[in-house]
């Protein structure tokens with residue numbers, strides 16, 4: 016590993032001009048934004064802004080093109096068959112809620128079963144909990160091994176003829192572990208179960224192709240993959256989206272409206288009521304362009320090398336416990352841990368004093384923390400633009416934390 | 242850069258004086274910060290308007306636990322009126338509005354004055370005091 020000769024990607028991210036010494040290791044929460052994205056959003060509002068999809072003048076056509084070109088870029092990025100399968104939302108949470116409200120409320124009946132993994136983010140858990148309560152369906156949990164692993168065998172055992180939905184993250188936001196979604200999708204479909212994949216932590220870090228995976232739905236957020244906050248994506252198989260009722264009603268999602276009824280727009284606009292976040296979509300388009308230019312080969316290699324360095328150092332520090340697998344390759348940049356006798360909020364505050372940004376708490380996965388018998392944890396998450404200096408800053412601080420909290424080793 | 246993880250705070254966190262059950266208490270109350278999971282149960286023994294004894298149990302970050310211990314050090318033996326006045330002073334300090342002599346009156350609790358620069362941790366520092374205020378006001 017010769018990080019000495021590596022390209023300095025931080026130069027592409029203006030936030031590091033303001034915070035040159037910050038070790039930003041909270042990328043699973045949100046990533047920083049490259050200049051290419053910030054400039055694209057700015058250019059859209061300076062040169063192309065009008066209300067997309069409705070105006071009959073040149074500027075509105077430009078805005079519509081900018082918005083729809085972003086959709087095409089997303090389609091290509093995740094290998095969807097058609098733009099009709101790409102719905103713009105605010106974020107992964109909204110995408111998942113859209114499925115629960117629209118597909119869930121029209122398809123789930125009393126006595127059906129919904130299966131979710133115990134490690135789901137609240138956004139892929141609560142919509143199903145609420146739906147199950149409302150419909151008298153049964154919410155069941157797929158439990159993982161101690162290292163956060165789910166196997167096809169575990170899934171097969173948990174499915175029943177009544178299981179209508181299986182909700183599962185491709186990469187857990189706590190363990191960082193990659194689930195075998197392609198195999199899961201095959202098993203689900205043999206059982207007549209729809210598989211809903213939360214790609215919030217996977218789409219930014221590994222190549223994802225929805226047709227190859229065979230998932231029915233995929234949700235992800237732009238802001239975790241270099242794009243602005245407030246733009247997210249729902250991919251759904253066209254056949255399913257076609258039969259789903261709209262989620263929100265209002266402007267620009269109709270075909271024809273009378274005093275006593277309405278018909279609705281075609282896909283994907285049926286699910287995009289109201290004025291859309293065109294600036295956000297343009298930013299997402301630019302983020303995809305930036306990521307394609309760097310390439311997943313490069314980003315994955317850097318993230319894996321940095322994660323390995325981080326974990327190898329951590330393993331030598333007494334009283335530090337990494338959650339999940341021992342193998343850095345199974346973490347995808349996410350390293351969640353505890354320190355004996357030190358509360359995660361204190362740990363995060365001490366990191367902050369040392370110029371290291373990490374996340375502390377339950378990471379929106381309270382059921383998992385309860386299952387693992389943990390109150391809360393600390394999470395460090397790397398992105399390709401992090402460098403070795405960030406890792407050393409983190410580990411140097413980590414070594415001092417128990418001492419700073421008054422424990423004499 | 243602040244340094245609120247000073248010796249006073251870490252010492253009260255690792256070796257709390259008042260973190261135990263209290264069999265003879267006259268009132269008890271739970272305080273919780275749902276967003277971060279800090280929780281304490283505060284026990285007081287009050288007679289003739291004087292806090293004659295007090296203790297707490299619970300779990301949470303060092304700031305929440307040490308602050309409760311320091312608070313009990315300060316208010317045990319004082320009247321409830323005086324305890325309320327100290328609560329006011331503590332809140333004033335946490336909001337960055339107390340002067341030096343007021344912070345001096347808070348004795349060891351003054352070690353938490355830097356929390357005023359850490360908005361996310363204010364609720365940790367005030368958990369014990371907030372619970373005390375709810376019990377005696």
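Protein chains in written order, with the working numbering: chain A, 16 to 424; chain B, 242 to 378. Yeah, the Cβ is synthetic: ideal placement off N, Cα and C, and Gly gets one too. This one's a predicted model, so the numbers in the text were calculated from it and none came from an experiment.
Is residue i helix, strand or coil when you go by DSSP?
i: residue 309 of chain A; result: helix
i: residue 279 of chain A; result: strand
i: residue 210 of chain A; result: strand
i: residue 128 of chain A; result: strand
i: residue 292 of chain B; result: strand
i: residue 153 of chain A; result: strand
i: residue 274 of chain B; result: strand
i: residue 268 of chain B; result: strand
i: residue 356 of chain A; result: coil
i: residue 37 of chain A; result: coil
i: residue 291 of chain A; result: coil
i: residue 241 of chain A; result: coil
i: residue 286 of chain A; result: helix
i: residue 82 of chain A; result: helix
i: residue 350 of chain A; result: strand
i: residue 336 of chain A; result: strand
Just checking: is the beta-carbon of residue i within a distance shorter than 8 Å of some beta-carbon in chain B?
i: residue 144 of chain A; result: no
i: residue 419 of chain A; result: yes
i: residue 376 of chain A; result: yes
i: residue 36 of chain A; result: no
Would you verify that the beta carbon of residue i is, or is not, closer than 8 Å to some beta carbon of chain A?
i: residue 290 of chain B; result: no
i: residue 303 of chain B; result: yes
i: residue 310 of chain B; result: no
i: residue 362 of chain B; result: yes
i: residue 317 of chain B; result: no
i: residue 265 of chain B; result: no
i: residue 242 of chain B; result: Low confidence applies here, because residue 242 of chain B scores a pLDDT of 42, under 50, leaving its location unreliable; read the following figure in that light. By this cut-off, residue 242 of chain B is an interface position.
Would you kindly work out how many angstroms separate the C-alpha atoms of residue i and residue j, rounded to a whole number?
i: residue 201 of chain A; j: residue 211 of chain A; result: 13 Å
i: residue 17 of chain A; j: residue 49 of chain A; result: No answer about residue 17 of chain A holds up, because its pLDDT of 45 lies below 50 and its placement is not dependable.
i: residue 3 of chain A; j: residue 267 of chain A; result: With chain A covering only 16 through 424, there is no way to say anything about residue 3 of chain A.
i: residue 93 of chain A; j: residue 280 of chain B; result: 45 Å
i: residue 383 of chain A; j: residue 337 of chain A; result: 15 Å
i: residue 234 of chain A; j: residue 248 of chain B; result: 47 Å
i: residue 225 of chain A; j: residue 111 of chain A; result: 16 Å
i: residue 64 of chain A; j: residue 45 of chain A; result: 26 Å
i: residue 378 of chain B; j: residue 374 of chain A; result: 37 Å
i: residue 365 of chain A; j: residue 81 of chain A; result: 44 Å
i: residue 27 of chain A; j: residue 54 of chain A; result: 12 Å
i: residue 317 of chain B; j: residue 293 of chain B; result: 6 Å
i: residue 300 of chain A; j: residue 251 of chain A; result: 19 Å
i: residue 349 of chain B; j: residue 311 of chain B; result: 7 Å
i: residue 180 of chain A; j: residue 129 of chain A; result: 5 Å
i: residue 406 of chain A; j: residue 232 of chain A; result: 35 Å
i: residue 362 of chain B; j: residue 363 of chain A; result: 11 Å
i: residue 376 of chain B; j: residue 269 of chain B; result: 8 Å
i: residue 295 of chain A; j: residue 246 of chain A; result: 5 Å
i: residue 246 of chain B; j: residue 189 of chain A; result: 27 Å
i: residue 272 of chain B; j: residue 392 of chain A; result: 22 Å
Report the CB separation of residue i from residue j in whole angstroms; it is logged as a contact under 8 Å.
i: residue 339 of chain A; j: residue 351 of chain A; result: 7 Å
i: residue 101 of chain A; j: residue 283 of chain A; result: 6 Å
i: residue 313 of chain B; j: residue 295 of chain B; result: 5 Å
i: residue 167 of chain A; j: residue 198 of chain A; result: 5 Å
i: residue 288 of chain A; j: residue 319 of chain A; result: No, residue 288 of chain A and residue 319 of chain A are not in contact; Cβ-Cβ is about 41 Å, not under 8 Å.
Find the residues of chain B that neighbour residue i, judging by a C-beta separation of less than 9 Å, and give them in chain order.
i: residue 196 of chain A; result: By Cβ distance, chain B contributes nothing, its closest Cβ being about 32 Å from residue 196 of chain A, past 9 Å.
Which chain B residues are close to residue i, counting only those with a beta carbon under 8 Å from its beta carbon?
i: residue 391 of chain A; result: 277, 278
i: residue 361 of chain A; result: 246, 302, 303, 304
Who are the neighbours of residue i on chain A, taking C-beta pairs under 9 Å?
i: residue 442 of chain B; result: Because chain B spans 242 through 378 in this model, residue 442 of chain B falls outside it and cannot be assessed.
i: residue 255 of chain B; result: 356, 420, 421, 422
Mind listing the chain A neighbours of residue i? Cutoff is C-beta to C-beta under 7 Å, in chain order.
i: residue 251 of chain B; result: 420, 421
Kindly list, in the order they appear in chain A, the residues whose Cβ is closer than 8 Å to that of residue i.
i: residue 268 of chain B; result: Ordered by position in chain A, no residue passes the 8 Å Cβ test against residue 268 of chain B, which lies about 27 Å from the chain.
Whose Cβ in chain B lies nearer than 7 Å to the Cβ of residue i?
i: residue 358 of chain A; result: 301, 302, 303
With a threshold of 7 Å, establish whether the CB of residue i neighbours any heavy atom of the ligand HEM.
i: residue 359 of chain B; result: Only the bare structure without any ligand can be found here, which leaves the ligand HEM out of the picture.
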